[in-house]
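Novice: This is the structure, below, for whatever I ask next.
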Amino acid sequence: MSENPLQALFQTFVKISNSVQTHLSNLIGQPHHPSSPTAINPLLSFSFPSKSKVNPSNTDSAASLQPKHILDKGKSASPVTKEDLGRATWTFLHTLPAQYPDNPTRQQKKDVKELMAILSRMYPCKECADHFKEVLRVNPVQAGSHAEFSQWLCHVHNIVNRSLGKLVFPCERVDARWGKLECEQRACDLLGSTTEFGEEKH
Ligand code: FAD
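The sequence shown begins at 821 in this note's numbering and counts up by one.
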């Protein structure tokens, strides 16, 4: 049994992460070898103090939550690259339409447009933000339904892919690549509109 509640939480996270990677590996047809908590990613190789050793007055307890290899080398974390940021952001963005309802409310449609506009101003890579602003100008957001939103996003992601000399993604496979979140009893699903006027019934 785990001695530390953080350790139990971390092990649960590793299980979920392995499960997601296994599903993705099945999709792309490459084997995935589930990782141990320390092997999954060097940045996740935390060292956990055992409960008996935790001392609230110990100023080192925050340091014990740092990735172990950083503590070992006495270095600070390596900077996030443009590629890391891009992959994380695309994961967030593609998960939005995956969870988006077939019949969104007017508010949800407005929110998507605002979110994209804010991203094109605040994305923390200026050349990317400027490029995305231009992409949005030529390809205004289409988020009238789950299908419309996911196809539009796939299309604009492909515009970015092309500009970087990457392969384009087949948009008919977008739902297979970015499925709904695994969430007990669909508790993560966004509710949409139940009327033709785009507002929920009360
Ligand atoms: P990513 O392009 O990050 O894609 C992640 C995963 O999404 C892929 O592995 C694939 O499985 C899936 N995928 C790929 N294409 C699609 C698609 N069309 N639809 C659905 N799923 C897909 N980098 C720059 O250097 N210059 C820029 O101007 C720039 N602009 C960006 C603008 C935005 C809004 C974002 C979010 C990122 C931008 N980036 C930019 C980063 C760049 O797009 C990539 O994220 C980065 O180069 C890493 O690429 P990757 O090959 O790992 O896959």
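All C-beta atoms, glycine included, are put in the ideal place defined by N, C-alpha and C.
Spatial neighbours of alanine 1007 within its chain, please: C-beta separation below 6 Å, excluding the five flanking residues on both sides.
Specialist: Within the same chain, alanine 1007 has no close Cβ partners at all.
Novice: Can you give the Cα-Cα distance for cysteine 945 and lysine 902, rounded to whole angstroms?
Specialist: If you take the alpha carbons of cysteine 945 and lysine 902, they lie about 7 Å apart.
Novice: Enumerate in chain order the residues of its own chain whose CB-to-CB distance from cysteine 974 is below 7 Å, with the five nearest sequence positions on each side excluded.
Specialist: Answer for cysteine 974: Phe989, Cys991, Val994, listed in chain order.
Novice: Given that a residue counts as buried once 16 or more other Cβ atoms are within 10 Å of its Cβ, and exposed if not, what is tryptophan 998?
Specialist: So tryptophan 998 ends up on the buried side.
Novice: What's the call for alanine 996, buried or exposed, on a 16-neighbour Cβ count within 10 Å?
Specialist: Exposed.
Novice: Straight-line CA distance for tyrosine 920 to phenylalanine 969?
Specialist: The alpha-carbon atoms of tyrosine 920 and phenylalanine 969 are separated by roughly 8 Å.
Novice: With glycine 906 as the anchor, note down where its alpha helix (DSSP H) starts and where it stops.
Specialist: It spans 902-919 - the alpha helix (DSSP H) in which glycine 906 sits, taken as one unbroken run.
Novice: Using the C-alpha atoms, what's the distance from isoleucine 979 back to valine 955?
Specialist: Looking at the two C-alpha atoms, the distance is approximately 8 Å.
Novice: Cβ atoms of alanine 963 and glutamine 928: under 9 Å apart, would you say?
Specialist: Yes, the Cβ-Cβ distance between glutamine 928 and alanine 963 is below 9 Å.
Novice: Using the three-state DSSP reduction, which class does valine 988 fall into: helix, strand or coil?
Specialist: Correct three-state label for valine 988: coil.
Novice: Taking the alpha carbon of asparagine 981 as the point to measure from, which residue in Arg926, Leu916, Cys948, Ile938 has its own alpha carbon closest?
Specialist: Of Arg926, Leu916, Cys948, Ile938, the residue nearest in Cα terms is Cys948.
Novice: Assuming the contact rule is C-beta atoms closer than 8 Å, proline 917 and histidine 966 should be a hit. Round their C-beta distance to whole Å, please.
Specialist: Confirmed, Cβ separation roughly 6 Å.
Novice: Could you tell me the alpha carbon to alpha carbon distance between arginine 926 and valine 961, rounded to whole angstroms?
Specialist: Cα-Cα distance, rounded: 14 Å.
Novice: When you compare only the Cα positions, how much space is there between leucine 1035 and histidine 951?
Specialist: With the chain covering 821 to 1022 only, the question about residue 1035 has no answer from this structure.
Novice: Could you tell me which of Asp922, Thr911, Gly906 sits nearest to tyrosine 943, measuring between CA atoms?
Specialist: Closest by alpha carbon: Gly906.
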